[in-house]
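Structure first, then comments.
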Amino acid sequence: MQPALRFALALAIGAVGGALFLAIDAPLPWVLGSMAGCAIASIVGLPVAASSATRRPMAAVVGVVLGSTFHPGLFALVQQFWLPLLMLPLFLAVSALLCVTWFRRVAGFDPATAWFAGMPGGVAEMVLLGGERGADERTVGLVHGARIFLVVFTLPFIIRLFHAAPATTGAAAAASATAGAATADLALLLWGGGSIVVGLLLGRVLRLPAWHLLGPLVVSAALHMSGVTDFRMPGWLLAAAQVGIGATIGCRFAGLDLRSFARILALAAGSTIILLGLTFVFATGIARLTGLDLALLALAYSPGGLAEMSLVALGLALEPGVVVIHHLARVIMVLVAAPIFFRTTAKEPLP
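Quick note on my numbering: the sequence shown kicks off at 1 and runs consecutively.
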């Protein structure tokens with residue numbers, strides 16, 4: 001089957017899964033349902049496929065939506081988060097140490113594979129950096145993919161236990177308020193489409209991490225914070241983008257048999273428990289010291305993807321801009337530090 005048809009099948013399965021999760025009132029239903037449906041389809045051998053290239057248009061739409069949540073008061077709000085940002089390097093160092101140790105001692109990975117599988121960074125970046133230094137790229141990619149899968153699938157439910165969101169929140173509220181008019185609004189097409197095109201070009205030229213997400217996000221955020229426009233993307237488009245993102249996460253397990261999938265998932269579950277445990281330790285401690293929102297701190301420190309965690313914040317009526325800034329800082333710190341510290345430890349066996 002042609003790649004385009006395999007991706008179309010993945011989207012169809014993802015849309016069905018999203019609709020089912022919406023029906024049971026799950027948090028972030030279009031992402032979680034699509035992710036679960038495509039993961040099951042991948043494991044049972046259905047011809048589904050998705051790649052980083054197919055994810056980019058969806059990520060660009062999400063970037064524009066996240067950018068539209070930025071407002072002039074955001075910088076003043078972020079200034080209240082100086083302590084979480086200051087503590088972030090310590091959190092990342094402890095997380096990396098424990099996860100690398102887990103993959104060396106429990107999983108038995110070679111030093112390079114354990115190092116880059118244990119780094120709390122993005123999937124593509126860790127696969128690329130690890131491959132250049134002798135790591136098993138497939139294992140690194142699968143471990144990070146499984147970690148994001150587990151975090152995205154569990155964290156919204158955990159947070160909803162102690163954070164009651166309004167009935168119409170985040171993604172739904174941001175989009176539904178203008179969904180009727182936006183679909184036929186030429187201004188939306190110009191502003192939204194322009195933000196995507198200019199943002200993708202800008203992100204690629206500046207070589208931003210997750211450029212297909214951050215480029216459109218930066219352009220959209222600049223437009224909204226400057227007051228030039230206040231456009232909103234229609235709800236159906238955001239739902240479609242979330243289905244696409246969920247499908248790409250679920251399809252990462254294509255080609256694995258059930259036994260291999262179970263092993264990768266178990267190993268990733270171990271590191272995910274470590275990371276989520278540290279997330280709530282740091283978030284709870286900082287919340288008690290500062291009085292900041294525990295749920296927002298948990299999402300800011302969470303070991304999920306930038307796009308996924310920002311969407312969770314959007315869906316729970318939290319401040320996505322704060323989550324974006326923390327995760328962007330995390331990605332940059334890991335990108336800079338992981339290769340440097342790997343070189344300094346490569347001569348000695350890792351624990």
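Even for Gly, the Cβ is constructed at its ideal location relative to N, Cα and C.
- In angstroms, rounded to a whole number, what distance separates the CA positions of T168 and D25? For the purposes of this step, residue 168 is taken as residue 168 along the sequence shown, with counting starting at 1. For the purposes of this step, residue 25 is taken as residue 25 along the sequence shown, with counting starting at 1. Because T168 carries a pLDDT of 44, less than 50, the predicted location of this residue cannot be relied on, and no value is offered for it.
- Compare the C-beta of A269 against all C-beta atoms of chain D and say whether one is closer than 8 Å. Among the chains in the structure shown there is no chain D, since it carries only a single protein chain.
- Item | Extent of the continuous alpha helix (DSSP H) to which S271 belongs | Counting from 1 along the sequence shown, the entry for residue 271 is found at position 271. Element bounds for S271: 258-290.
- Query: Does the Cβ-Cβ distance between G199 and G63 come in under 8 Å?
  - Reply: The sequence position of residue 199 within the sequence shown is 199, counting from 1. The sequence position of residue 63 within the sequence shown is 63, counting from 1. It is a contact, given that the beta carbons lie within the stated cut-off.
- Local conformation of L208 per DSSP, three classes: As a first step, residue 208 is located in the sequence shown; it is residue number 208 there, counting from the start. Note: L208 maps to coil in three-state DSSP.
- Task: Please classify A239: is it buried, with 16 or more other beta-carbons within 10 angstroms of its beta-carbon, or exposed?
- Result: Along the sequence shown, one-based indexing puts residue 239 at 239. Counting Cβ neighbours within 10 Å, A239 comes out buried, since at least 16 surround it.
- Could you tell me which of F7, V31, A8, L258 sits nearest to G17, measuring between CA atoms? Numbered from its first residue, the sequence shown carries residue 17 at position 17. Measuring from the Cα of G17, the nearest candidate turns out to be V31.
- Skipping 5 residues on each side, what residues in its chain have a beta carbon closer than 7 Å to that of L278? The residue you call residue 278 lines up with position 278 of the sequence shown. Here the set comprises F91, V94, S95.
- Message: For a quick check, are the C-beta atoms of V78 and I332 less than 8 Å apart?
- Response: Your numbering for residue 78 matches position 78 in the sequence shown. Your numbering for residue 332 matches position 332 in the sequence shown. No.
- Query: Can you name, in chain order, every residue of its own chain whose Cβ lies under 7 Å from the Cβ of R133, other than the five neighbours on each side?
  - Reply: In the sequence shown, residue 133 corresponds to position 133, counting from 1. Within the same chain, R133 has close Cβ partners A112, F342.
- Task: Keeping to the same chain, check which residues put their C-beta closer than 6 Å to that of Q242; ignore five residues upstream and five downstream.
- Result: Indexing the sequence shown from 1 puts residue 242 at position 242. Only W30, V31 meet the Cβ criterion.
- Counting Cβ pairs, one atom from each stretch, are 3 or more of them under 8 Å apart for the region 42-54 and the region 2-15? yes
- Query: From T154 to M309, what distance separates their C-alpha atoms?
  - Reply: Residue mapping note: residue 154 aligns to position 154 of the sequence shown, counting from 1. Residue mapping note: residue 309 aligns to position 309 of the sequence shown, counting from 1. A direct Cα-Cα distance of roughly 12 Å separates T154 from M309.
- Query: Any idea what DSSP makes of P234, helix, strand or coil?
  - Reply: Taking the first residue of the sequence shown as position 1, residue 234 is located at position 234. Three-state result, P234: coil.
- Item | Candidates A266, D293, P120, A135: closest to P303 by CA position | Counted from its first residue, the sequence shown places residue 303 at position 303. Closest by alpha carbon: P120.
- Do L289 and L83 have their C-beta atoms closer together than 8 Å? Position 289 of the sequence shown, counting from 1, holds the residue named residue 289. Position 83 of the sequence shown, counting from 1, holds the residue named residue 83. Result yes, Cβ atoms of L289 and L83 sit closer than 8 Å.
- Message: Given this structure, state the Cα-to-Cα distance separating P234 from V100, to the nearest angstrom.
- Response: To locate residue 234, count along the sequence shown from 1; it is residue 234. To locate residue 100, count along the sequence shown from 1; it is residue 100. Their backbone Cα atoms lie some 42 Å apart in a straight line.
- Could you check if M126 is buried or exposed, using at least 16 other CB atoms within 10 Å of its CB as the buried criterion? Counting from one through the sequence shown, the residue named residue 126 turns up at place 126. Buried.
- Message: Let's see if you can read the secondary structure: which residues bound the alpha helix (DSSP H) around T139?
- Response: Walking along the sequence shown from the start, residue 139 turns up at place 139. Counting along the chain, the alpha helix (DSSP H) containing T139 begins and ends at 137-162.
- In angstroms with no decimal places, state the Cα-to-Cα distance between L217 and G270. Residue numbering aside, residue 217 sits at position 217 when the sequence shown is read from its first letter. Residue numbering aside, residue 270 sits at position 270 when the sequence shown is read from its first letter. About 33 Å.
- For V228, three-class secondary structure by DSSP: The count along the sequence shown starts at 1 and reaches residue 228 at position 228. Here V228 sits in coil by DSSP.
- Item | Distance, L5 Cα to A283 Cα | Counting from 1 along the sequence shown, the entry for residue 283 is found at position 283. Counting from 1 along the sequence shown, the entry for residue 5 is found at position 5. Near 43 Å, if we compare the C-alpha coordinates of L5 and A283.
- Message: Which of the three DSSP states is assigned to M35 in this structure?
- Response: To locate residue 35, count along the sequence shown from 1; it is residue 35. Of the three classes helix, strand and coil, the one that applies to M35 here is helix, per DSSP.
- Task: Taking 8 Å as the threshold, find out whether the region 37-44 comes into contact with the region 250-266 through three or more Cβ pairs.
- Result: yes
- Environment of S68 [buried if 16+ CB atoms lie within 10 Å]: Sequence index remark: in the sequence shown, residue 68 carries index 68 (1-based). Buried, since its Cβ has 16 or more Cβ neighbours within 10 Å.
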